[in-house]
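Trainee: I'd like to ask you about the structure that follows.
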Amino acid sequence: MNRRLAKSIARADGVNRLAKRKSFVGHAGGGVINCPPFFGKFMEEENSLIEQRKANLDALREKGIEPFANKFTPNETCAGARENYEEGREVALAGRMTAFRTMGKSIFLDIRDGPDRMQVYAQKNALGEESFEVLKKLDLGDFLGVKGTMFTTRTEEITLKAESFTVVGKALPPLPAKMARPLEYRDPLPPALPRPHRQQRRQGRVLQAQCDHPRDS
């Protein structure tokens, strides 16, 4: 038996032994991933979340809402709505839902369009019962378009009071959780939400590079 064949047999035998261990997941790039025990539970929980999101997607379609076919044209960005703030001003914003808080017949949620965020306030009386129930079925990570008027809350938070909304896109994979170790084993990773401080640092580096190396006129 030559050395190459012996190595192949030994490698296959090692893979078989690993496959019997509960922590074994599979191959990646020709190697074996030996994941920690909590990874299995983590994946089960994520799969459960995905199934729940699929159920919410089916519920939307039963109501005649196709979340992947809607078009929405915003007339302002979240940053622009803050800079040009006027109480009662009508705006249309679009972004990804990153926070959701229910308070009886009212809902507070956040939408983010890149590095900027806007709080949205939705009332059952303003949206109507059917639309309000649809809003309650949405998940973090879904893409929304919201039309309404600007106002300031008692805590001086600039907020958009929703008069109507459009489901622009449904997110089936959940947003990345704050669990660093399990995320290292995920392949592929879902797109993470933009992090404003990182984008600002990146923009600062670009501006600094332009100042250090100006183009020849």
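Under the working numbering, the residues of the sequence shown are numbered 747 to 963, in order. Ideal Cβ positions, reconstructed from N, Cα and C, are used throughout, including at glycine. For clarity, every value in this text was computed on a predicted model and none was experimentally measured.
Given this structure, state the Cα-to-Cα distance separating Thr-895 from Arg-863, to the nearest angstrom.
Mentor: By 1-based counting over the sequence shown, the position of residue 895 is 149. By 1-based counting over the sequence shown, the position of residue 863 is 117. When rounded, the distance between both Cα atoms is 16 Å.
Trainee: For Gly-891, which of helix, strand or coil comes out of DSSP?
Mentor: The residue given as residue 891 occupies position 145 in the sequence shown. Looking at Gly-891 - three-state DSSP - the assignment turns out to be strand.
Trainee: Give the DSSP-derived three-state secondary structure of Lys-907 in the structure shown.
Mentor: The residue you call residue 907 lines up with position 161 of the sequence shown. Three-state result, Lys-907: strand.
Trainee: Please report how far the alpha carbon of Val-914 lies from the alpha carbon of Met-843, in whole angstroms.
Mentor: Taking the sequence shown and counting its residues from 1, one reaches residue 914 at position 168. Taking the sequence shown and counting its residues from 1, one reaches residue 843 at position 97. Whole-angstrom Cα-Cα distance: 11 Å.
Trainee: At a cut-off of 8 Å, is Arg-900 close to the ligand SAM when judged by its beta-carbon and the heavy atoms of the ligand?
Mentor: The model on display carries no ligand, and the ligand SAM is accordingly not part of it.
Trainee: Write down the C-beta distance between Ala-845 and Pro-820 rounded to the nearest angstrom, noting that I regard them as a contact closer than 8 Å.
Mentor: Here residue 845 refers to the residue found at position 99 of the sequence shown. Here residue 820 refers to the residue found at position 74 of the sequence shown. Incorrect: roughly 19 Å between the Cβ atoms, too far for contact.
Trainee: Just verifying my parser: in three-state terms, what is the DSSP assignment at Ala-801?
Mentor: On the sequence shown, position 55 is the one that residue 801 refers to. Helix, per DSSP.
Trainee: What does DSSP give as the partner residues of Arg-863 in its beta bridges?
Mentor: On the sequence shown, residue 863 is found 117 positions in, with the first residue counted as 1. Note: Arg-863 sits in a beta bridge opposite Arg-858.
Trainee: Following the continuous alpha helix (DSSP H) through Glu-902, name the residue where it begins and the one where it ends.
Mentor: Against the sequence shown, residue 902 aligns to sequence position 156. Segment: none, Glu-902 is in no alpha helix (DSSP H) and carries neither H nor E.
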